[in-house]
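> Provided herewith is a single structure, encoded as C-alpha cells, for subsequent inquiry.
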Amino acid sequence: MRLSVAKNIGFCSGVRRAIEIIERLVQENKKNIFCLGSVIHNELLQQRLKQKGIITVDSLKDIKKPAYIILPSHGVPPTNIKEAKRKGLKIVDVTCPNVSSLQRVCKKLRQEKYQLIILGDNNHPEIRALLGIAAEAVVISNASEIELLKLDSRIAIVSQTTQSIENFLVLVNKFFEMREKIEKIKELRIFNTICLDNISRQKEVRELANNNDAVFVIGSYSSANTKRLFNISRMINPNSFLIRDYHDISDKIKLKFKKIGIISGASTPDWLVDEIIRKIKSKKGE
Ligand code: SF4
Numbered sequence: 000m001r002l003s004v005a006k007n008i009g010f011c012s013g014v015r016r017a018i019e020i021i022e023r024l025v026q027e028n029k030k031n032i033f034c035l036g037s038v039i040h041n042e043l044l045q046q047r048l049k050q051k052g053i054i055t056v057d058s059l060k061d062i063k064k065p066a067y068i069i070l071p072s073h074g075v076p077p078t079n080i081k082e083a084k085r086k087g088l089k090i091v092d093v094t095c096p097n098v099s100s101l102q103r104v105c106k107k108l109r110q111e112k113y114q115l116i117i118l119g120d121n122n123h124p125e126i127r128a129l130l131g132i133a134a135e136a137v138v139i140s141n142a143s144e145i146e147l148l149k150l151d152s153r154i155a156i157v158s159q160t161t162q163s164i165e166n167f168l169v170l171v172n173k174f175f176e177m178r179e180k181i182e183k184i185k186e187l188r189i190f191n192t193i194c195l196d197n198i199s200r201q202k203e204v205r206e207l208a209n210n211n212d213a214v215f216v217i218g219s220y221s222s223a224n225t226k227r228l229f230n231i232s233r234m235i236n237p238n239s240f241l242i243r244d245y246h247d248i249s250d251k252i253k254l255k256f257k258k259i260g261i262i263s264g265a266s267t268p269d270w271l272v273d274e275i276i277r278k279i280k281s282k283k284g285e
C-alpha cells in the first residue's frame, strides 16, 4: 500500500494559534474559562478541552465575573463583545487573523454603502458574526441565487473564508453573464477572502483524488472546510471517505486500496492525523 500524505494537513495556522493561546491559559492555571460556541469544529478536540476545564456556552447569560471568555476562531458578532465587556469578563479573542481581516473588509464596505454580497453558509458562526457587523448584507450559498436579487448600482462581493474557490469563480462569472443587470451596475468590487490554507487544501485534495485509488479526508462532519474537501474529492474519486477516527477506516483498509491519499480539514488535530497514519501503516486495530 502506498500512502500519499498532503502537505497541508492537521491544524491550519489560525486554529493552531487559537489552541496555543487556550493552552497557555490552562497552563497558567486560570479558572472559570468559558468559550462562546465551539472554539473549533472538531468533537475530539472539544472533548479534550472540556477535560481541561473549558466550558462551552451558547450565550453569556449565566456567566458572572471573575471569568475568562474565549471568542472562537470564526469570530462572534460585536454585540457579544460589548456584552462580555459590560459584564466585566476577561476576553480572550482567538479569532483567526484571516477572519478578522474579512470582518474589517465588510465593515469598511458597509461604511462606504456598497451592497454587500457574501458567498457563504447562513448557519455558519463566521457568517452570523459578519451579519452582526453588516446586517444588510445578502448571504447566498450558490451563484444562481444572484439572478433573483435586486441589485444596487454599487456592489461588493466577498466570501466566507472556507468557501470553495470554484463556487466563488462561478459567482464572479455569473455577473458577466447577466447582461441586463450588469448594464445598470456602476461599480463592482470583488474581494477574494477565501483563506490561502483552504485554497491550498482544495488544490491538494483534487490532486490526491486524481492520483489515488482512495482518499481519506480526516476531520469532523461539523467542520465546513472538512466537508468541502470531502465533497470535492468525492466528485473526482468515488472512493473518498470522511474519517473521524481510526474506527472509520478499518473496513476500508480491508478493501486493500493500493494507493491512498490522506488529507485533513483545517480543524483536525495533528495528533489525530498522526495516530491514524500510524495505525494505517501498522494495519493494527482491525
Ligand atoms: S481555515 Fe483559514 S480562516 Fe479558518 S481558521 Fe484556518 S487559517 Fe483561519
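Just so it is clear: in the sequence shown, position 153 is 152 by numbering that gives the first Met the number 0, and no numbers are missing.
C-beta atoms are modelled at their ideal positions from N, C-alpha and C, and glycine is treated no differently.
Keep in mind it's a predicted model, so treat the numbers as computed, not measured.
#1: Between A265 and the ligand SF4, is the CB less than 8 Å from at least one heavy atom?
#2: Looking at the structure shown, is R15 part of a helix, part of a strand, or coil, going by DSSP?
#3: How long is the line joining the alpha carbons of F33 and N236, rounded to whole angstroms?
#4: For the pair the region 182-199 and the region 4-13, tell me if three or more CB-CB distances fall below 8 Å.
#5: Report yes or no: do three or more beta-carbon pairs, one from the region 217-224 and one from the region 182-191, lie closer than 8 Å?
#6: Answer yes or no: the CB of V91 versus the heavy atoms of the ligand SF4, is any distance below 8 Å?
#7: Which residue wins for smallest C-alpha separation from A17, given the options Q26, S72 and A265?
#8: First and last residue of the beta strand (DSSP E) that includes R153?
#9: Where T94 and V75 are concerned, what is the direct C-alpha to C-alpha distance, given to the nearest angstrom?
#10: Once the 5 residues before and after V169 are set aside, which same chain residues still bring their CB inside 6 Å of it?
#11: Taking C-alpha atoms, which residue in H123, R277, I279 and E146 lies nearest to E179?
#12: Does the separation of the CB atoms of A223 and T161 fall below 9 Å?
#13: Can you give the Cα-Cα distance for E186 and K112, rounded to whole angstroms?
#14: What does the alpha-carbon distance come out to for the pair P268 and I184?
On the basis of the coordinates in this document:
#1: yes
#2: helix
#3: 41 Å
#4: yes
#5: no
#6: no
#7: S72
#8: R153 to S158
#9: 8 Å
#10: A142
#11: E146
#12: yes
#13: 12 Å
#14: 45 Å
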